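Asker: Dropping a structure here in structure tokens format, bear with me for questions.
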Ligand SMILES: NC(=O)c1ccc[n+]([C@@H]2O[C@H](COP(=O)([O-])OP(=O)(O)OC[C@H]3O[C@@H](n4cnc5c(N)ncnc54)[C@H](OP(=O)(O)O)[C@@H]3O)[C@@H](O)[C@H]2O)c1
């Protein structure tokens, strides 16, 4: 199956789109496959990489040490069934991509992206799905608060990347296959400064099967999406499973 990005705002545009007054989009907005780098080999990285590949995108997964990752049983078994998905060092995976997904451990995301380098992120849509948290005796402690979020820190550290915080408010299976919960009738949020990047993100989210994409505003609004993890963890405790999501009734 070939992927088609539906971008109604740009369907009649054959021109490159100037963005943020700084950079020109490299997206072929007339449709076709996208080159997506998924930085992360955990549950989230594999779930999103697998789905994007199924949808017809060209997918590369990023990791610290490809040989070490391929020697990992969980990754090797998954990769063996998906020979079309490349595995490369973080920077190499991102270098050829149009869209980069940050699915790395939140505590290490800034270091991962630093290893990628700003040149490999410039002008690209950077979907940040990470949550920063630290273990504690009880529930993990959420890193974001009302004055700071990982999404903002990433945007500040890499100003030429077009960061969109999204998908971090649900479990990885629900991210990649929203129909698993209530037939997909629930909400995913986007936060970011760049309107075109949010449109690209929305198109990709809709391809995954998300039906209600709620734009929270600029990247500052990632504080809300990231602190929601504290609530998500308690809902998870109450339900005893991960297959749920938030629905903003309105
Ligand atoms: N699990 C979920 O359902 C869920 C839901 C919402 C959001 N999230 C967020 O999504 C992100 C990915 O979660 P996950 O559960 O798939 O995996 P994870 O274990 O949180 O992260 C795995 C990735 O982080 C990289 N990493 C770990 N330690 C590192 C270090 N010291 N330096 C550089 N990179 C390091 C790993 O690199 P290697 O490939 O080299 O090992 C791997 O690619 C996290 O930020 C998480 O909070 C997860």
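In the working numbering, the protein residues as written are 41 to 290. C-beta atoms are modelled at their ideal positions from N, C-alpha and C, and glycine is treated no differently. Just so we're clear, the structure is a prediction, and the values are computed from it rather than from any experiment.
1. Residue 240 lies in the alpha helix (DSSP H); which residues open and close that run?
2. In the DSSP assignment, what are the bridge partners of residue 185?
3. Closest to residue 103 by CA distance: which of 128, 250 and 123 is it?
4. Along the chain, where does the beta strand (DSSP E) containing residue 198 start, and where does it finish?
5. Looking only at its chain, what residues have a beta carbon closer than 6 Å to the beta carbon of residue 80, apart from the 5 residues adjacent to it on each side?
6. If we call anything under 8 Å between Cβ atoms a contact, is residue 217 one with residue 249?
7. Are the C-beta atoms of residue 267 and some chain C residue less than 8 Å apart?
8. Give the DSSP-derived three-state secondary structure of residue 225 in the structure shown.
9. By DSSP, does residue 261 sit in helix, in strand, or in coil?
10. My guess is that residue 208 and residue 160 are in contact by the Cβ rule of under 8 Å, so how many angstroms apart are they, rounded?
11. For the beta strand (DSSP E) that residue 103 lies in, which residues bound it at each end?
Answerer: This is what the structure holds:
1. Its alpha helix (DSSP H) spans residues 235 to 248.
2. According to DSSP, residue 185 bridges with 188.
3. Measuring from the Cα of residue 103, the nearest candidate turns out to be 128.
4. In the DSSP assignment, residue 198 falls outside any beta strand (DSSP E) and carries neither an H nor an E.
5. Excluding sequence positions up to five before and after residue 80, its CB lies within less than 6 Å of the CB of 143 and 144, all in the same chain and listed in chain order.
6. In contact: residue 217 and residue 249 (Cβ atoms closer than 8 Å).
7. This model lacks chain C altogether; it includes just one protein chain.
8. It is coil, neither helix nor strand.
9. Helix, per DSSP.
10. 22 Å between Cβ atoms; not a contact.
11. Counted as a single uninterrupted DSSP element, the beta strand (DSSP E) harbouring residue 103 occupies residues 98 to 103.
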